[in-house]
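Asker: So the mapping is simple: this note's numbering equals the position in the sequence shown, first residue as 1, plus 141.
We put the CB at the ideal spot given by N, CA and C, even for glycine.
Bear in mind the structure is a predicted one, so any value in this text is a computation, not a measurement.
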Amino acid sequence: LRPFLGPQKPKLHSEHLKRSSPRLRSFPDQTPNSSSLWRWTHQTPGLEQSSPRHPRSTTCAFFSRRLTPTESRCDVGDSALLAVKLALEEWRHWLEGAELPFIIWTDYKNLIYLKEAKGLNPQQCRWSLFFSRFNFVLSYRSGSKNTKPDALSRQYASEDETAPSTILPASCIVAGVTWPIRDQVLEALKVDPGPGNGPPNRLFVPQELRGKVIHWAHTGRFSIHPGVGRTVALIRRSFWWSSLYRDVKESGSACHACAQQKGTNQSPAGLLSPLPVPSRPWSHIALDFVCGLPLSHGFSVILTIVDRFSKACHLVPLKALPSSAVTAQLLIKHIFRLHGIPTEILSDRGPQFVSRIWKEFATALGARVALTSGFHPQTNGQCERMNQELGSKLRCVYATNPSTWSDHLAWVEYAHYSHVSSATGQSPFESSLGYKPSLFPLHTDTTTTNPQFLRRARRARIAMRSTLQRTAERIQRLADRHRSPAPTYSPGQMV
Ligand SMILES: [Zn+2]
Numbered sequence: 142l143r144p145f146l147g148p149q150k151p152k153l154h155s156e157h158l159k160r161s162s163p164r165l166r167s168f169p170d171q172t173p174n175s176s177s178l179w180r181w182t183h184q185t186p187g188l189e190q191s192s193p194r195h196p197r198s199t200t201c202a203f204f205s206r207r208l209t210p211t212e213s214r215c216d217v218g219d220s221a222l223l224a225v226k227l228a229l230e231e232w233r234h235w236l237e238g239a240e241l242p243f244i245i246w247t248d249y250k251n252l253i254y255l256k257e258a259k260g261l262n263p264q265q266c267r268w269s270l271f272f273s274r275f276n277f278v279l280s281y282r283s284g285s286k287n288t289k290p291d292a293l294s295r296q297y298a299s300e301d302e303t304a305p306s307t308i309l310p311a312s313c314i315v316a317g318v319t320w321p322i323r324d325q326v327l328e329a330l331k332v333d334p335g336p337g338n339g340p341p342n343r344l345f346v347p348q349e350l351r352g353k354v355i356h357w358a359h360t361g362r363f364s365i366h367p368g369v370g371r372t373v374a375l376i377r378r379s380f381w382w383s384s385l386y387r388d389v390k391e392s393g394s395a396c397h398a399c400a401q402q403k404g405t406n407q408s409p410a411g412l413l414s415p416l417p418v419p420s421r422p423w424s425h426i427a428l429d430f431v432c433g434l435p436l437s438h439g440f441s442v443i444l445t446i447v448d449r450f451s452k453a454c455h456l457v458p459l460k461a462l463p464s465s466a467v468t469a470q471l472l473i474k475h476i477f478r479l480h481g482i483p484t485e486i487l488s489d490r491g492p493q494f495v496s497r498i499w500k501e502f503a504t505a506l507g508a509r510v511a512l513t514s515g516f517h518p519q520t521n522g523q524c525e526r527m528n529q530e531l532g533s534k535l536r537c538v539y540a541t542n543p544s545t546w547s548d549h550l551a552w553v554e555y556a557h558y559s560h561v562s563s564a565t566g567q568s569p570f571e572s573s574l575g576y577k578p579s580l581f582p583l584h585t586d587t588t589t590t591n592p593q594f595l596r597r598a599r600r601a602r603i604a605m606r607s608t609l610q611r612t613a614e615r616i617q618r619l620a621d622r623h624r625s626p627a628p629t630y631s632p633g634q635m636v
């Protein structure tokens with residue numbers, strides 16, 4: 142906003158105009174409709190049009206003007222609104238009376254201010270009247286997190302019971318993610334407020350909507366048919382009712398996709414000779430390949446890379462089984478770049494394969510190689526478990542069209558990240574990032590300072606390590622229960 146409307150950098154503006162002017166298009170001879178999208182931005186103050194045939198939006202018009210001394214004294218929220226108002230005035234003949242809403246993009250992040258602002262001054266009242274003549278929505282251009290408006294909104298909510306008067310109606314704001322199911326629950330709660338003794342920050346779900354909530358959590362793109370425990374954990378993050386577990390279990394056993402696609406879960410647990418338990422995320426990784434998939438956009442193989450600490454994973458679609466050199470490059474691109482160099486890599490593609498991968502780095506990095514030998518195939522149980530889960534999730538999503546699995550890979554990864562891992566008792570999101578990204582704007586964490594966050598993360602890591610250790614011991618005990626120690630043989634003995 143400031144560089145173009147303020148007096149600071151007039152040169153920048155004129156240069157921008159010069160650069161963009163050859164691309165200026167004449168106005169189309171109709172009002173905005175569904176096939177064309179109009180937007181006005183602060184950064185490039187202009188009217189742009191894009192349509193399915195021209196996905197790259199083209200700029201149709203520019204508008205700029207210097208703020209008057211009075212206007213330049215506005216606070217930042219008002220000046221953002223002023224910019225919107227000036228633009229609407231300028232292009233009123235195109236925008237007023239549009240049947241379908243047009244979008245105004247703004248880089249002003251405090252959109253919530255516009256939604257929540259109270260006690261309108263006379264000027265804002267006039268603007269509010271003016272805005273009501275247009276059918277538009279306001280949206281961020283860059284969607285990064287902003288804690289300030291959140292704090293602002295919560296403060297307002299607790300202090301004042303009366304509905305705030307707003308400059309723009311709430312329906313004009315497009316921000317964050319909202320789920321229709323939550324709106325339905327909120328709507329139903331107006332009629333049936335529930336027992337009122339539920340946990341904080343969770344919505345009670347009335348009887349008639351429980352089936353819908355379970356369906357949302359179980360079949361959503363973000364979850365992909367998890368088991369009973371994970372579905373319950375997902376619902377518990379936002380909702381509650383007393384018979385939640387029983388209801389989820391009942392509807393889970395009736396789920397058609399699950400019954401059809403999932404194999405038995407009774408395969409033997411790996412990790413008979415437990416590996417050393419890592420103490421931080423992404424220090425010990427295990428990789429494996431899922432082969433024999435139907436072709437999807439040319440891909441037929443998935444490289445799975447699992448962090449043995451947080452159980453987080455990355456899934457990389459590939460056209461064919463890669464060589465060790467290519468695998469090394471993939472690891473740099475997908476793991477080392479994001480999580481640093483691991484101290485150990487496991488793979489069950491044979492010791493030569495891993496050692497060849499390490500040869501690419503070993504000299505440069507001085508990392509240790511722990512080979513998974515053919516004699517201990519269970520050592521890569523992490524990846525085998527991941528591949529099992531991946532297989533059942535993929536079968537759920539591509540049941541109708543097998544050639545589309547690569548489109549769903551990102552969602553499968555997200556689902557895995559957000560579900561609680563049985564080995565750690567936390568979701569990989571929590572154990573690797575230290576927080577749980579919420580599905581609802583409702584659940585924003587209270588603000589923490591950096592040292593607080595670090596202390597909490599350190600405590601969580603220590604707790605995780607002991608949980609992992611206990612899990613490893615438990616698995617070993619369970620496995621050994623069905624095994625007897627190897628017999629000792631002496632020369633000449635009949636066997
Ligand atoms: Zn299911």
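#1: What are the start and end residues of the beta strand (DSSP E) that includes residue 239?
#2: From residue 384 to residue 566, what distance separates their C-alpha atoms?
#3: Would you mind sorting residue 210 into buried or exposed? The rule is 16 or more other CB atoms within 10 Å of its CB.
#4: Can you check DSSP and say which residues form a bridge with residue 485?
#5: Please tell me whether residue 469 and residue 501 are closer than 8 Å, where the distance is taken between their beta carbons.
#6: Helix, strand or coil, according to DSSP, for residue 324 in the structure here?
#7: At the level of alpha carbons, what is the spacing between residue 458 and residue 438?
#8: For residue 606, which residues from the same chain have a beta carbon less than 7 Å from its beta carbon, with the 5 sequence-adjacent residues on both sides left out?
#9: What does DSSP give as the partner residue(s) for residue 457 in the beta ladder?
#10: Would you tell me roughly how many angstroms separate the C-alpha atoms of residue 277 and residue 202, rounded to the nearest one?
#11: The alpha helix (DSSP H) spanning residue 376 covers which residue range?
#12: Taking the alpha helix (DSSP H) that residue 357 belongs to, which residues open and close that run?
#13: Would you tell me roughly how many angstroms separate the C-alpha atoms of residue 592 and residue 235, rounded to the nearest one?
#14: For residue 445 and residue 548, I'd like the C-alpha separation in whole angstroms.
#15: Candidates 488, 271 and 214: which alpha carbon is nearest residue 238's?
#16: When DSSP labels each residue in this structure, what does residue 537 get in the three-state scheme?
#17: Does the distance from the C-beta atom of residue 355 to that of residue 392 stay below 8 Å?
#18: Taking the alpha helix (DSSP H) that residue 558 falls in, what are its first and last residues?
#19: If you measure from the CB of residue 541, is any heavy atom of ligand 1 nearer than 7 Å?
#20: Suppose the cutoff is 8 Å on Cβ atoms and the five residues either side in sequence are ignored; what does the same chain contact list for residue 195 look like?
#21: Could you tell me which residues DSSP pairs with residue 225 in its beta bridges?
#22: With 16 as the cutoff for other CB atoms within 10 Å, does residue 436 come out buried or exposed?
#23: Could you give the distance in angstroms between the alpha-carbon of residue 573 and the alpha-carbon of residue 432?
#24: Could you have a look at residue 499 and say whether DSSP puts it in helix, strand or coil?
#25: Would you verify that the beta carbon of residue 468 is, or is not, closer than 8 Å to some beta carbon of chain C?
#26: Judging by CA-CA distance, which residue of 454, 213 and 429 is the nearest neighbour of residue 570?
#27: Buried or exposed: which applies to residue 224, given that a residue is buried once 16 or more other Cβ atoms fall within 10 Å of its Cβ?
#28: Any residues whose CB sits closer than 5 Å to a heavy atom of ligand 2? List them in chain order?
#29: Which of the three DSSP states, helix, strand or coil, is assigned to residue 381?
#30: Taking the straight line between their C-alpha atoms, what separation do you get for residue 399 and residue 529?
#31: Around the C-beta of residue 177, are 16 or more other C-beta atoms found within 10 angstroms, so that it is buried, or is it exposed?
#32: Quick check: what's the CA-CA separation for residue 179 versus residue 244?
#33: For a test of the three-state rule: what should DSSP assign to residue 201, helix, strand or coil?
#34: Would you check if the stretch 558-565 and the stretch 367-380 touch, i.e. whether three or more CB-CB distances between them fall below 8 Å?
#35: Could you give the first and the last residue of the continuous alpha helix (DSSP H) run that contains residue 469?
#36: Taking 8 Å as the cut-off, decide whether the C-beta atoms of residue 434 and residue 546 are in contact.
Answerer: With the given structure in hand:
#1: It is not in any beta strand (DSSP E) - residue 239 carries neither H nor E in the DSSP assignment.
#2: 22 Å
#3: exposed
#4: 425
#5: yes
#6: helix
#7: 10 Å
#8: 418 and 420
#9: 444
#10: 18 Å
#11: 369-377
#12: 348-360
#13: 53 Å
#14: 16 Å
#15: 271
#16: helix
#17: yes
#18: 546-559
#19: no
#20: Bear in mind that a pLDDT of 44 at residue 195, under 50, signals an unreliable position, so the model cannot answer this.
#21: Beta-bridge pairing links residue 225 to no other residue.
#22: exposed
#23: 28 Å
#24: helix
#25: Of the protein chains in this structure there is only one, and it is not chain C.
#26: 454
#27: buried
#28: Ligand 2 is not part of this structure, which contains only ligand 1.
#29: strand
#30: 14 Å
#31: Confidence in residue 177 is poor, its pLDDT being 38 and thus under 50, which makes the residue's placement too unreliable to answer from.
#32: Low confidence applies here, because residue 179 scores a pLDDT of 44, under 50, leaving its location unreliable and the question unanswered by this model.
#33: strand
#34: yes
#35: 465-472
#36: yes
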